[in-house]
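Participant: Dumping the structure here so I can ask a few things about it.
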Amino acid sequence: MDEVRLQSPRVVLCAGIHCRRRGSGRIYHQLKRWVPQEAFMLLRAPCLRVCGQAPVLVLYPRGDWYGRMTQAGVQELLQGGSPDHCLIYRMGAASEKSPSNPLPKTPSDLH
Ligand code: FES
399 MDEVRLQSPR VVLCAGIHCR RRGSGRIYHQ LKRWVPQEAF MLLRAPCLRV
449 CGQAPVLVLY PRGDWYGRMT QAGVQELLQG GSPDHCLIYR MGAASEKSPS
499 NPLPKTPSDL H
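This is how it looks when you write it as structure tokens:
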């Protein structure tokens, strides 16, 4: 994989059983239908180990993890917004953790 490809935006959608039961398949097809393939790489991953937050979507390189993702949340994301009501973890945010930033230090803290 070349460097340019690694720098391009990637969406990793969990395809584990809990996420599939809670609609990750619909989200996948929504993303495939609405976004040109050259805009970002759409990847599916096995269980991301935060099943209680299903369906889970991770956006790179931003490093934002979204849980209980809805189609409306995906639409907001695609329009350049950040569906903060679905944000469950932000990479690099641990050092910023404060009462106003209650995000966990690591994704495994979401269990
Ligand atoms: S099935 Fe998606 S996080 Fe486990």
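For the sequence shown, this note's numbering gives the first residue as 399, with consecutive numbering after it. Built from N, CA and C at the ideal position, the CB exists for glycine as well.
(1) Let me make sure I understand the geometry here. Which of ARG424, GLY465, LEU457 has the alpha-carbon closest to that of CYS449?
(2) Cβ-heavy atom distance between CYS445 and the ligand FES below 7 Å?
(3) Counting only C-beta atoms, is GLN473 closer than 8 Å to chain C at any point?
(4) Is the stretch 455-472 close to the stretch 404-417, with three or more CB pairs under 8 Å?
(5) Would you call the stretch 423-434 in contact with the stretch 479-491, where contact means no fewer than 3 C-beta pairs closer than 8 Å?
(6) Taking the alpha helix (DSSP H) that VAL472 falls in, what are its first and last residues?
(7) Would you say the beta carbon of GLY421 is closer than 7 Å to some non-hydrogen atom of the ligand FES?
(8) Tell me the residue span of the alpha helix (DSSP H) that contains ARG488.
(9) Quick check: the Cα distance between GLY461 and ARG424, rounded to an integer number of angstroms?
Facilitator: In short:
(1) GLY465
(2) yes
(3) Looking for chain C here will not work: only one protein chain is present.
(4) yes
(5) no
(6) 469-476
(7) no
(8) Careful: ARG488 lies outside any alpha helix (DSSP H), inside the beta strand (DSSP E) at 485-488.
(9) 22 Å
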